[in-house]
Every structure is written in structure tokens, then in C-alpha cells.
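If you want our numbering, it's the 1-based position in the sequence shown plus 70.
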Amino acid sequence: MPMYDENDPIEQKNRAKRRKKLIRFAVIVILLLAAAVIYVTQEVWLPKLRGIGKQYQTIVNDGQLEEGNFPIELSGGGNYQLKYSGKELVLLSDAYVNFYSEDGALIKRRQHAYTNPVMLAENERALIFESGGDEISVEDVNEVLYTHKFDNSIIFARLSADGYTAVVTTSKSYYCEIYVYDRTGACIYERKCVERADDISFHEGSKGCVISYIDARGGGMVTYAQEIDFKEKTEKWTSPAIDTFGLEVYSCEGSAFILGMDSCGYAGGNGLIGSEYVYDGDIKGGASRGGKSAVIINNNDRRKYTLVLFSGVGNDPQEIEIGSPLVDITISEGLVYVMSQESIQAYDFSGGLRSTAQVGDSYTGFVRSSGAIYLKGHNRIDKISYES
71 MPMYDENDPI EQKNRAKRRK KLIRFAVIVI LLLAAAVIYV TQEVWLPKLR GIGKQYQTIV
131 NDGQLEEGNF PIELSGGGNY QLKYSGKELV LLSDAYVNFY SEDGALIKRR QHAYTNPVML
191 AENERALIFE SGGDEISVED VNEVLYTHKF DNSIIFARLS ADGYTAVVTT SKSYYCEIYV
251 YDRTGACIYE RKCVERADDI SFHEGSKGCV ISYIDARGGG MVTYAQEIDF KEKTEKWTSP
311 AIDTFGLEVY SCEGSAFILG MDSCGYAGGN GLIGSEYVYD GDIKGGASRG GKSAVIINNN
371 DRRKYTLVLF SGVGNDPQEI EIGSPLVDIT ISEGLVYVMS QESIQAYDFS GGLRSTAQVG
431 DSYTGFVRSS GAIYLKGHNR IDKISYES
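See the structure below:
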């Protein structure tokens, strides 16, 4: 049997060659296995990778005004209300409720008898009432679905995404009374309030809601929220108060986003206030959906126009400066749409600019549908295609 010397130079070279071959073989095997895994799982990671590429691609819409049935010419100046029901445009004038297709064709016109009506639209139906009046009307493009007349004056009413209706009235024995109706008009909940109810926002599914209340404390006005389940008699939780006069409230999971006159923030059943933000200027509008919120603020003295994004409860708000005064805002399909005097821009909640379109400075607001934006002018409604 031959004997080998481990210190023999030839043998050392042979061992080194063998090690290199083994390492090279192992690397090739690992690369082949990795390639096989990537190939097998491509249906999982490839769409996400493509999405990253699109995430920061800003779409520039041409902002060209569409023709055909547009513009919709209006008489009586800017005294009208325009909403999108999810299928039709609903336009309320001083005498009529008009239902239009998304292409601007008039489908139905119905006269109303309200002096100073308020209209809301959701779930292919419209809710019409008069603040200080005593009757509501819920109707769709085909008919008046139901009406309700109340013994006391209506303070305000709200319509849920599922077609439920909440009405807040004055009361002889309480500060106000709340009535909630399902899609058929049947009353499913009543509440007598000893505080001033300021706004109501339905939960997703309309099985409950949050109610905001205004109170005077320490020489100032504060706003707090309560969560209500329509199958329970008592509230689920009461939030701490935010030092502001509440304008609107929005339901979030376990909390509420309170939009106030000079500040906003999340207040919830955990006894905490999150993402509180004090405005540097005058609030022009706000919106919230699915726990994400946005506010627009104009500081005309400093020529500072700010969009503030709230990606969720407890997250720090993000400020985005816009180049001209802000006019209107909404949230649709996870994006924030903000109108300035120069353009309409859509942002995601990371602050990325997703799309934009130039518009004139004569519009007072807009309505977003799935593929278009309807521009509200003083005496006309225009339409532009808008891709996000």
C-alpha cells in the first residue's frame, strides 16, 4: 500500500484542486436550486415586483373636457348639490332631483318641495332632507323608496354605504334623539341623548356607528366620540375629548377620526388620542375611509397650502405642500384626490404622487367616479377622464 506525505507539494496541489472543484460544484447546485425556487414561485413574487415599478409612476392625465352630454348646463348659479351614488350622478337643484348616467344623459327628474334641502348619496340611492324641517325622503333613480315625518325638527341626517339612514332630531325632554333605519325604512335603533350630537358615521356593514358630541370644558369647546352597536342599549366605549369644535367624525376600527375646526386626530376606546394635528391655517376640507384620513389646509397669509395624510391610528401625519390654494378633497379606492386652483392630484398614503391633471381655477369642487372626475362649476358641470 503506497504511503502519502501530507506535506508533499504535489499532494497539496491536488487537494486544493479537489476543494475548488467541490466548492464550484456546490455553488452550481445552490444556484440551480435557487433558480428552480424562483421559477416555481414566480406567480407569487412577479406581480409584486411589477407593482413596485408602477408604484412611483405618475400618470399625467390630459384634463381634456369631454363633450357629448357635457357640459351639463345649470340655471340659478351655483346653488346646487352634486353627488355620485355609485352608479348615477345625482344633482339636487332648488326645485328638482335629477339622476344622470355617468355619460351625462338625464335619466329621471323628480320635483321636490324642500326650501333649503340637503342631499347625500350612497349605494345607488339618495337621502334628501331639510335642516330644521320634519321629513326625510330616500329615493333611487326609479322611485321614492320611503319617507318619514318626525314630530320634532331634523338637525341632520346621514346615509351609510349600505343604504342605512340615521336621523338626529331635536327633543322636548333630551338634547336630541337619534333614529336609525335599515334599507327598507324600518326603524332598528333609537337613542335619547343628553349631549349635543354633532355627527354620525356608520361602521362598515352598518351594524353600528360612532357618534361625536360637542361639549364646553375649561372655557373652550371639545369633541369626543362614542361607539354604538345597534343591538345593544349602552355604548361600547367613550373616547377622550379633543380640544376642538368638531365638524365631522369618521368611523375607524376601535376608534374615530375627529375632524375639527382647528385640529384633528384619532380618539378611541383605549382612552388615548393618536396622530393629533393642529392646523397652521384654515381647514378647507377633510376625508377618511378605512382608517386612513386626509386634511387640506390653506394659510393664505403665508401662501402655504398643505395636504396632511394620516396613514392610520397612531402614525405620524405627513405634510405635502401644494403650489396653489386647495379647493376640495376626497378618498377613493385607497387614494387621496385633492383639487387645487391649478390641478387635481392623487396621492397614496405614503405620499407618492400617483396621478395628476390640469384644471381651470373656476371650479368649486369635484366628484370622483370609477374612471372620471366631474368638475363643479358655477353654472355648469364638466367631465374629464381620469386614470389613477
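Positions of the beta carbon are idealized from the N, C-alpha and C atoms, including for glycine.
Every value quoted in this text rests on a predicted model; they were computed, and no experiment measured them.
Exercise. For Phe380, is the beta carbon positioned less than 6 Å from some heavy atom of the ligand FMN?
Worked result: The ligand FMN is absent from the structure shown, which contains no ligands of any kind.
Problem set entry | Neighbour-count burial assignment, Asn368, 16 or more Cβ in a 10 Å radius | Buried: at least 16 other Cβ atoms inside 10 Å.
Exercise. For Glu194 versus Gly133, is the C-beta distance shorter than 7 Å?
Worked result: no
For this session: Sort Pro387, Gly441, Ser145, Tyr417 by Cα distance to Ile399 and report the nearest one.
Result: Looking at the Cα atoms, Tyr417 is the closest of the given residues.
For this session: Check each candidate in Val214, Val237, Ser171 and name the one with the smallest Cα separation from Glu200.
Result: Val237
Exercise. If you compare alpha carbons, which of Ile298, Ala364, Tyr166 is closest to Met189?
Worked result: Nearest option by C-alpha distance: Tyr166.
Problem set entry | Of the residues Val160, Gln411, Tyr294, Leu197, the one placed nearest Leu317, counting alpha carbons only | Tyr294
Problem set entry | Where Val97 sits in the DSSP three-state scheme | helix
For this session: Identify which residue in Ser276, Ser420, Leu445, Ile401 has its Cα closest to the Cα of Ser413.
Result: Leu445
Problem set entry | Pick from Arg424, Ala442, Arg450 that is closest to Thr434, judged by C-alpha positions | Arg450
Problem set entry | Coarse secondary structure for Leu92, derived from DSSP in three states | helix
Exercise. DSSP puts Gly435 in a beta bridge; with which residues?
Worked result: BP columns for Gly435 point to Lys446.
Exercise. If you draw a straight line from the alpha carbon of Thr314 to that of Ser333, how long is it in whole angstroms?
Worked result: Distance between the alpha carbons of Thr314 and Ser333: 6 Å.
Exercise. Counting Cβ pairs, one atom from each stretch, are 3 or more of them under 8 Å apart for the segment 302-313 and the segment 339-351?
Worked result: yes
For this session: Keeping to the same chain, check which residues put their C-beta closer than 6 Å to that of Arg438; ignore five residues upstream and five downstream.
Result: Thr400, Ser402, Tyr407
Exercise. Taking the alpha carbon of Gly255 as the point to measure from, which residue in Arg372, Met331, Asp173, Lys219 has its own alpha carbon closest?
Worked result: Lys219
Exercise. What are the partner residues of Val208, as DSSP defines its beta bridges?
Worked result: Leu197, Tyr216
For this session: Counting only the same chain and skipping the five closest in sequence on each side, list residues whose C-beta sits under 6 Å from that of Leu45.
Result: For the chain, the structure presents residues 71 to 458; residue 45 sits outside this window and is missing.
Exercise. Out of curiosity, what's the CA-to-CA distance linking Ile298 and Lys262?
Worked result: 13 Å
Problem set entry | Boundaries of the beta strand (DSSP E) in which Phe327 is found, first to last residue | 325-330
Exercise. What three-state label does DSSP hand Ala175 in the structure shown?
Worked result: Three-state DSSP puts Ala175 in coil, outside helix and strand.
Problem set entry | In DSSP terms, what Gly356 is bridged to | Answer by DSSP bridge pairing, in chain order: Val365.
Exercise. Are Leu459 and Tyr170 touching if we call contact CB-CB under 7 Å?
Worked result: Not covered by the structure: residue 459. The range shown for the chain is 71 to 458.
For this session: With a cut-off of 8 Å on the beta carbons, I'd call Ser271 and Ile328 a contact; round off their distance for me.
Result: The pair is not a contact, with the Cβ atoms about 10 Å apart (cut-off 8 Å).
Problem set entry | Straight-line gap, Gly360 to Cys322 (C-alpha atoms, nearest Å) | As the crow flies, the alpha-carbon of Gly360 is around 6 Å from that of Cys322.
Exercise. Given that a residue counts as buried once 16 or more other Cβ atoms are within 10 Å of its Cβ, and exposed if not, what is Cys246?
Worked result: Burial call: buried.
Problem set entry | Residue of Glu172, Ile225, Leu405 minimising C-alpha distance to Ser241 | Ile225
For this session: Return the Cβ separation of Ser276 and Asp232 in integer angstroms, given the expectation that the two are a contact with Cβ distance under 8 Å.
Result: 4 Å
For this session: Inspect the beta-carbon positions of Asn139 and Tyr456 and report whether they are closer than 7 Å.
Result: 7 Å or more divides the Cβ of Asn139 from the Cβ of Tyr456.
Problem set entry | Cα-Cα separation between Val378 and Gly278, rounded to whole angstroms | 28 Å
Problem set entry | Cβ-based neighbour list, Leu423, same chain, cut-off 8 Å, excluding 5 preceding and 5 following | Thr128, Gln415, Ala416, Tyr417
Exercise. What's the gap between the Cα of Gly330 and the Cα of Ile100?
Worked result: 59 Å
Exercise. Which word fits Ser207, buried or exposed, when buried means at least 16 other C-beta atoms lie within 10 angstroms of its C-beta?
Worked result: buried
Problem set entry | Backbone CA spacing between Tyr336 and Gln388 [nearest angstrom] | In a straight line, the C-alpha of Tyr336 is about 15 Å away from that of Gln388.
Problem set entry | Per-residue burial, Ile284 [other beta carbons within 10 Å of its own, 16 or more giving buried] | buried
Problem set entry | Buried/exposed call for Ile93, threshold 16 Cβ in 10 Å | Looking at its Cβ environment, which holds fewer than 16 other Cβ atoms inside 10 Å, Ile93 is exposed.
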